[in-house]
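Peer 1:
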Amino acid sequence: MKKPPFSLLCALAVAPFLVQCASQDDLNLIHAQLRSIDNKLTELETTTVDSLRKRQASNTSQIDQLNQELLSLRGGLEETGHLNRRLKEQSKELELNFKRYAQQEEQKRLEEVKRLEQEIADKDNQLNQFSDQLKLQQENLQAIQQARVDEAKRKAAAAARAAEQARMRADAANKASSGSSATRIRADKRKKLISSGSAPTPQAAPVRTATTPSSSQPAATVATVETGSSIGKGKSLFDQGKFREAYQQFENISASGSAEDAVEAKYMMGECLFALQEYDQAILDYQNIITNHPSTGKAPAAMLKQAMAFEKLNDKDTARILYKKLIATYKDSPEAQQAQQKLN
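Residue numbers for the sequence shown follow the working numbering, beginning at 551 and rising by one.
1. On the CB-based measure, 16 or more other CB atoms within 10 Å of its CB, does ILE877 come out buried or exposed?
2. Only counting runs of 3 or more residues, tell me where the beta strand (DSSP E) segments fall wholly within the region 615-639, in order along the chain.
3. Enumerate in chain order the residues of its own chain whose CB-to-CB distance from ILE833 is below 6 Å, with the five nearest sequence positions on each side excluded.
4. Evaluate the contact criterion for the region 791-800 versus the region 634-649: three or more CB pairs, one atom per stretch, below 8 Å.
5. Does the region 865-884 touch the region 817-835, meaning 3 or more C-beta pairs lie closer than 8 Å?
6. How would you call GLY820, buried or exposed, if buried means at least 16 neighbouring beta carbons within 10 angstroms?
7. Within this structure, are the beta carbons of ILE781 and ALA815 separated by less than 8 Å?
8. Could you check whether ASN838 and LEU901 sit closer than 8 Å to each other, using their CB atoms as the reference points?
9. Alpha carbon to alpha carbon, how far is ASN711 from ALA805?
10. With distances taken between CB atoms, is the gap from ILE871 to ALA852 smaller than 8 Å?
11. Looking only at its own chain, which residues have a Cβ that is under 6 Å from the Cβ of ALA812, when we skip the five neighbours before and after it?
12. Using the Cα positions of LEU591 and LEU602, report the straight-line distance between them to the nearest angstrom.
13. Whole angstroms are fine: how far does the CA of GLN668 sit from the CA of ARG659?
14. What do you get for LEU620, buried or exposed, if any count of 16 or more other CB atoms within 10 angstroms of its CB means buried?
15. Do TYR873 and LYS848 have their beta-carbon atoms positioned less than 8 Å apart in this structure?
16. Would you grab the beta carbon distance between LEU826 and PHE788 for me? Rounded to a whole angstrom, and I think it's under 8 Å.
17. What separation, rounded to the nearest whole angstrom, lies between the Cα atoms of GLU662 and GLN679?
18. Assign SER681 to one of three DSSP states: helix, strand, or coil.
19. Mapping DSSP to helix, strand and coil, what is MET819?
20. Using the rule of at least 16 other Cβ atoms within 10 Å of the residue's Cβ for burial, across every protein chain shown, is MET818 buried or exposed?
21. According to DSSP, is SER641 part of a helix, a strand, or is it coil?
22. According to DSSP, is PRO850 part of a helix, a strand, or is it coil?
23. Classify ARG844 as helix, strand or coil using the three-state DSSP reduction.
24. So what does DSSP say about LEU594, is it helix, strand or coil?
25. Buried or exposed: where does PRO884 fall if 16 or more other Cβ atoms within 10 Å of its Cβ makes it buried?
26. In three-state DSSP terms, what is THR879?
27. Check this for me: beta carbons of TYR829 and LYS875, under 8 Å apart or not?
28. Please say whether LEU854 and GLN887 have beta carbons closer to each other than 8 Å?
29. Please report the distance separating the alpha-carbon of ASP614 from that of THR596.
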């Protein structure tokens with residue numbers, strides 16, 4: 551229940567005192583004014599209360615909205631914090647993984663470097679061994695060549711002695727024949743008269759006997775080797791697959807033939823050994839041409855076949871080195887193109 555306004559209470563309090571002084575109209579006017587004031591106060595109170603209530607409701611709504619926004623912000627902050635923590639954990643994990651990966655790669659790199667260094671050291675040892683073997687083989691080859699030269703000199707000396715003996719025999723025969731003279735015997739011509747009863751005897755025909763001086767001319771023969779036909783014979787044996795016989799034929803030519811034929815023969819000696827799959831020995835014959843006849847046409851072919859021989863011996867690295875050397879040394883030769891194809 552609403553309380554009466556303060557003005558009304560004041561009016562009622564002073565009313566007994568005013569009754570005595572004021573008329574009835576004044577009282578009515580006062581009552582009217584009081585009612586008007588009371589209505590205004592009531593209206594003002596109602597308006598003010600409604601406005602306050604609306605404001606309070608609006609403020610409550612705004613507070614609720616602010617609370618919701620605050621809760622939403624708190625939720626976002628919590629989610630952001632959670633994401634930050636997850637990101638930090640992932641960052642730490644990534645950092646650990648990266649360090650582990652870097653350590654593994656560093657270990658792999660060190661192992662690869664050690665492996666390459668060991669491989670290079672092994673290759674150096676192999677090259678040193680091959681160098682020593684090649685040096686020894688070259689010394690052996692020089693000894694063999696010297697022996698062949700000595701044998702050729704011995705054969706040449708024997709041939710010279712035989713020629714000298716033949717010449718001496720020819721001179722002796724010429725001297726013996728110059729002392730004898732030529733004699734001629736002629737029969738006498740005679741006519742004989744015969745009777746009619748006697749049988750005619752045949753007339754002896756003139757007989758002539760002439761002895762001419764006999765001169766014996768023994769030709770001095772010197773043993774020579776027809777290298778052209780010998781090389782053809784050797785190649786024929788090679789084409790027939792008789793590599794041992796062909797090798798012997800070419801070996802004889804290399805010892806006694808001309809310089810050009812000797813180079814050809816030495817190259818074919820290597821070809822015979824290559825065909826016999828004696829690659830290590832073929833390498834030596836090819837090396838003889840490369841070392842002693844580097845400017846001949848057979849040098850690039852010998853180097854190519856030498857590299858192929860090393861390749862047959864499963865020494866790929868040495869073969870590759872020889873292919874590169876062939877390309878660098880004889881770059882305009884057909885063998886250099888074949889070497890490039892081998893490398894490709």
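By construction, the Cβ of each residue, glycine as well, lies at the ideal position given by its N, Cα and C atoms.
Peer 2: Checking against the coordinates, here is how it stands:
1. Its Cβ being crowded by 16 or more others within 10 Å, ILE877 is buried.
2. Segments of the beta strand (DSSP E) lying fully in the region 615-639: there are none.
3. Closer than 6 Å at Cβ, skipping near neighbours: GLN856 and ALA859.
4. Short answer: they don't touch.
5. Under the Cβ criterion (8 Å, minimum of three pairs), the region 817-835 does not count as touching the region 865-884.
6. It is buried - the Cβ of GLY820 has at least 16 other Cβ atoms within 10 Å.
7. Yes, these two residues count as a Cβ contact at 8 Å.
8. Absent from the model: residue 901. The displayed extent of the chain is 551 to 894, so no value can be given.
9. The displayed chain sequence assigns Arg, not Asn, to residue 711. Distance between the alpha carbons of ARG711 and ALA805 is about 20 Å.
10. Between ILE871 and ALA852, the gap from beta carbon to beta carbon reaches 8 Å or more.
11. Result list for ALA812: SER804, in chain order.
12. Approximately 16 Å between the Cα atoms of the pair.
13. When rounded, the distance between both Cα atoms is 14 Å.
14. Counting Cβ neighbours within 10 Å, LEU620 comes out exposed, since fewer than 16 surround it.
15. In this structure, TYR873 does not lie closer than 8 Å to LYS848 by Cβ.
16. The Cβ separation is near 11 Å, so there is no contact.
17. Cα to Cα, GLU662 sits roughly 25 Å from GLN679.
18. In this structure, SER681 counts as helix in the three-state DSSP scheme.
19. Helix, per DSSP.
20. By the 10 Å Cβ count, MET818 comes out buried.
21. Here SER641 sits in helix by DSSP.
22. Helix, per DSSP.
23. Before going further, note that residue 844 is Pro rather than Arg in the sequence given. In the structure shown, PRO844 sits in coil (DSSP, three-state: anything other than H, G, I, E or B).
24. DSSP places LEU594 in helix when its eight states are reduced to three.
25. By the 10 Å Cβ count, PRO884 comes out exposed.
26. DSSP places THR879 in helix when its eight states are reduced to three.
27. The Cβ-Cβ distance between TYR829 and LYS875 does not fall below 8 Å.
28. No.
29. The alpha-carbon atoms of ASP614 and THR596 are separated by roughly 26 Å.
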